[in-house]
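Under numbering that gives the first Met the number 0, the first residue of the sequence shown is numbered 0, with each subsequent residue one higher.
Where a beta carbon is used, it is the ideal one built from N, C-alpha and C, also for glycine.
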Amino acid sequence: MRFVASIVVAVVLLAPAAAGAQTAWDTPSSRGFDLVPRTGANIEAATWTLDNEGRTLFAFSGLLRAGLVLDRVYELSLDAGFVYGILNDVQVGDFLNDATGDHGAAANPRFSLRGVIGERQWRLRFGGGATIPAIPQSEGSRQVALIGALMRGYQELWLWSANRASVIVDGELTLMPVDSLYLELRAAVGALLSVSANAFAPGQAPDYFDLSIDLSAAIGYRHDNVLVGTRLRQTFLPTFEGDQAQTSAELFIRPTGRIDNSSIELFGELRAMTNLDDPFGVTSAVPMWSVQLAFGIATTPIEIPDGRYGIRSVDFRGVERMDDQAIAACIGTHRRARFGIDIGIRGTPECGEPPFDGDHLLIDLFSYPWSPWPLFDENVFERDIERIERWYRARGFYEARVTATEVQPDSAREVDQSVEECGDGEGNCQAHVTFTVDEGEPVRVSRISIRFVSENGQQQEEEDLDLPEDIRQQLRDELQFHRDDPFDEAIFELVKQRMQRVLADESYGQARVRGEVKVNSGRHEAFVVFVIDAGLPNVINRICVTGHGELPPDLMLGVTYLDAGDRFRLELLEEAQRALYSLGAFSAVEVAPLTRAEEEAEDALPDDAFCTEPLAQVPDRTHPVDILIRVSTGRRYRIGVGGGFQAGQAVTVGNTGITNGQVNAAQWDLHLSFFAEDRNLFDRLVRARFEVRPRAIFDMPFLSFVPADPIPFGIQVNGSIRAPGVFEPRTNLVIDTRLDLGPMPYTNFFRFEPDAVIGLDHTWMDGRIYAGLFLHGNAFLPTDRQPPDPNDALPFTYAVYLEADGRVDLRDDPRNPHAGIYLGADVESSVQPLSSWSFLRWTADARGYVPLGDFFTVAARFQIGAMHVFGYEDSLDPDNRYRLHQLGPPALQLRGGGASGNRGYLPGLLGDAQDVYVTEPQSDEEIRRGAPVEQRSVRISGGNAMWQASLELRVRLTVDLGVVGFVDAGDVLRPEDPSDLSVGFRFDRPQLSFGLGLRYRTIIGPLRVDFALRPDELQDLGSERSLPPDCRPDRAQGCRPRNTLF
């Protein structure tokens, strides 16, 4: 008997469901179609085990379904199926005798767009979508894909079919003619297309196209909060050999209920499915059953309250010179929030923030289902008329008036609103608001002057002031007004702030800037005067810190690099603020001078302030100013439990905060995290952290779900200490340790790898210049499961080496650069006799950014590195497949490809990477028992010379969204002769790739999605091909691994 047990855990995110065009989800609750939450997602898991004549099969599958209904009329959905199986030569299905292997996986996400229409008693969904295979074809993946479909009666075969892309058209009609009766009809047709001819071995008949037709019908009975029903499914596969139809049936029961006095709804579902005939050659004496259990939690839809109107839109007429979105940001009547794309770099307008007339193109798309409805309020609406006229007055339009207003429907303005009078008759009342504006003519600037306050308090003209000319020119440069420009209060205030900043950067930290405006509205003229009281240049007097609690104030003051007697400059205070915040012990830091008013107060300094000594003598023609540092301490101790994924896992060479030497590992993981942290160890602001991270490890590409072979689990234990103020305030002591047990990147052999680093680092120029010196220790300890052939085994190695690391970062924004350069380099040298090698490794990285206006950036990057091995221990055999004697320590081997390299190649597969067969690892016990020796494929990558180059054109579409076109090149060379330790570069093997990408800016850097193509004729430009041949199903020894997703 074959038995499938499934547990479905559903978490549903819910949103408003509106009558007239209903949102969609699989089954209704007891409240019908109108009020049930329909937008949501569920996750399903299933396992299946089969033991047949000593051959075992284990399979695991998962299914994610998510749907989002937008603007009540269309639905975006994602259905993603994943299946992984351990086959051990078990054949599944008569027509799959061409696919063998010990394991396999398949995953095909489907993206769909459907229209949704309906009423209270019926709902129709119709549309289509497409799937793409997310896991490369493997030897057993076709059989495993079949198992994933078999678990569910072969419905939706396109979610499981390995190496197939699909196009699907589907529709669904659900009916509830009476409250107790539920009816459902579904139909879907899918065309499955092979994405690669390389999926077929020589002699195998190509199978490029398959057709799958799914039909189902269901009937159910509802009583109170319980729905019970049955569903009959029929699948037709007319292009398959042999059996071409599969029939299955299921029973389901779905209880629902709402928690008292809340908007939370709970539901569950139990389903039992059986195949009514043998599933495509998998014979069984008893029917195959699948049991699925679901649990869910939901919130009720957000609806417009009875008797009220929600604001659907707010429009402006007559707005020609100004931006209507800037006006809308300053009034109380606002529409329901909508998602859109604002083409341009202005961003979403904020009330009172310029520009107010920025050119942009707003593509308005839809409202999120969970967006609340702002309610129409007559009082707020009337006050908005005054707000609009005041907003125009602030922009210099003193004659602007709101000449008319309109609210549709008229009943929205009535005091006694009736639900029956709403447009759809179901209480879903929506209002449309329009303001008509007559802008009039603006007041324009006719004269601008700058006046200064002398030491005796009298105002004088600029030319009579004894102030350096360069400072006066800087003040003039900050003027945002020109003659005949419209006067704007916000820009007027902005100019005053910028003038004050100029003076503060030039030692006038207590300067005052005020403005005067005289308006002649009849002549539409404005006379603008800026009055500047600079005072004497300031020097730093006392430096005080407050709010520090138990933290050491002397160390905090040292980190600021501020000293009594220094010339006051605002940029020095801002650098000190960032340096303090980087210590990690504070939730807020403010470094500011005392103002003149605060100096005159007797209690200017808090009682707990810790201050340095004041100046013994003040320089002539200067005024001493006290600096007050206000801090708010954060939590000292942190203990946490979490989880997540890490994609493109970086193997870091050197200090963990530095990008030099980072390469992309060929793994990604799902992990849990347990950590503890102390941010003031020994009461000296020493930051200590300990973390344990259990991991499930998969091969790249991301979301491929191909488990690392042979054991896809591991654990990392990390510890770190960072102590400031070693030798001098901004020199840090860094201690990092890592214990890594699990499959190593690239080859996936199981190993235990302890790693430790201790060193010092220092920054200058507000972090733009960095240098570090570190001592590393690393050991590579393979487990007792090693291949019996010594040439296939990884030996024990160890390395102690010194590293010098440095960078110069002159980019305008390190996370999202638009202009500037970046230079970085690091050097590692072994310490003898404490290493298995005598080596010198170096890498260099140069990046440049050239702005082409506000919207375009040209970015270029060049990386180069080499590993020079001068000698090695006798235990490193030159005949070993992994050539450790030639390439150096595994953690320092040079590789290319991946997101930060040549994007046409997966991580580690640039250059001379190869797939080779090695004997399967065995334990000592297995060797003693004489267990049969098997083989598996591993990837051999890395070289002793590497270079990579990239050229990009970046285009900003919005403030946060952009596109990029790029061309990448590079090579990683591993000498063909194992005895050759020389280093050379192949610039005639550029392995060019071209692509397009998307960028979404965040506070931690851009989120990137890149797609690259590699023309075969541009990979090797030499007179003779020196790169390994590409792998095929009939060639997997000594060939270049697959570098594609499909």
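- Look at T246 here: in three-state DSSP terms it is strand.
- DSSP lists no beta-bridge partner residue for T238.
- With 16 or more neighbouring CB atoms inside 10 Å of its own CB, I490 falls in the buried class.
- Taking 3 residues as the shortest admissible run, the segment 506 to 578 contains the following complete beta strand (DSSP E) segments, listed from N- to C-terminal end: 511 to 519, 524 to 532, 537 to 545.
- Residue state for A778 is assigned as strand, using DSSP reduced to three classes.
- With contacts defined by Cβ atoms closer than 7 Å, F396 and P441 form a contacting pair.
- Between the segment 975 to 987 and the segment 998 to 1017, the count of C-beta pairs closer than 8 Å stays below three; the two stretches do not touch.
- If the five residues before and after P348 are omitted, its C-beta is found closer than 6 Å to the C-beta atoms of Q324, A325, A328, all from its own chain and listed in chain order.
- Secondary structure at P623: strand, using DSSP grouped into helix, strand and coil.
- In this chain, I330 is not harboured by any alpha helix (DSSP H), its DSSP state being neither H nor E.
- Counting C-beta atoms within 10 angstroms of its own C-beta, M764 has fewer than 16 neighbours from the protein chains shown and is therefore classed as exposed.
- A865 and N943 do touch by the CB rule: their CB atoms are close to 6 Å apart, below 8 Å.
- The continuous beta strand (DSSP E) containing F365 extends over residues 360 to 365.
- For L801, no alpha helix (DSSP H) encloses it; the enclosing beta strand (DSSP E) starts and ends at 796 to 808.
- DSSP places Q831 in no beta strand (DSSP E); its state is neither H nor E.
- In the DSSP assignment, V225 is bridged to H222, P254.
- For S179, the number of other beta carbons within 10 angstroms of its own is below 16, and it is reported as exposed.
- Annotation for M498: the continuous alpha helix (DSSP H) segment containing it runs 488 to 504.
- In the three-state reduction of the DSSP assignment, D791 falls in the helix class.
- Under the three-state reduction of DSSP, F854 is assigned to coil, being neither helix nor strand.
- For Y397, no alpha helix (DSSP H) run applies, since DSSP gives it neither H nor E.
- Of the residues assessed, T402 falls on the exposed side of the cut-off, its CB having fewer than 16 other CB atoms within 10 angstroms.
- For L474 against M498, the beta-carbon gap comes to about 5 Å, under 8 Å, which counts as contact.
- When the Cα atoms are used, L759 and A798 turn out to be separated by approximately 20 Å.
- In the structure shown, the three-state DSSP call for N679 is strand.
- Take E827, set aside five residues on each side of it, and the residues of its chain with a beta-carbon closer than 6 Å to its own are Y800, E802, R840, in chain order.
- For R721, the enclosing beta strand (DSSP E) begins and ends at 712 to 722.
- Taking all protein chains in view, the Cβ of P237 is surrounded by fewer than 16 other Cβ atoms within 10 Å, so the residue is classified as exposed.
- Ranking L1020, C1038, A216 by CA distance to the CA of P1027 puts C1038 first.
- Take I768, set aside five residues on each side of it, and the residues of its chain with a beta-carbon closer than 7 Å to its own are T762, V807, in chain order.
- Rounded to the nearest whole angstrom, the CA to CA distance from E752 to V716 is 11 Å.
- In this structure, N790 and D878 form a Cβ contact; the two beta carbons are roughly 6 Å apart against a cut-off of 8 Å.
- Taking R973 as the centre and dropping the five residues before and after it, the same chain places the C-beta of D911, G942 closer than 6 Å to its C-beta, in chain order.
- For the set G557, T130, D976, the Cα lying nearest the Cα of P723 is the one of G557.
- The alpha-carbon of V937 is positioned some 16 Å away from that of R894.
- If you compare the alpha carbons of Q509, I252, E612 with that of G267, the shortest gap goes to I252.
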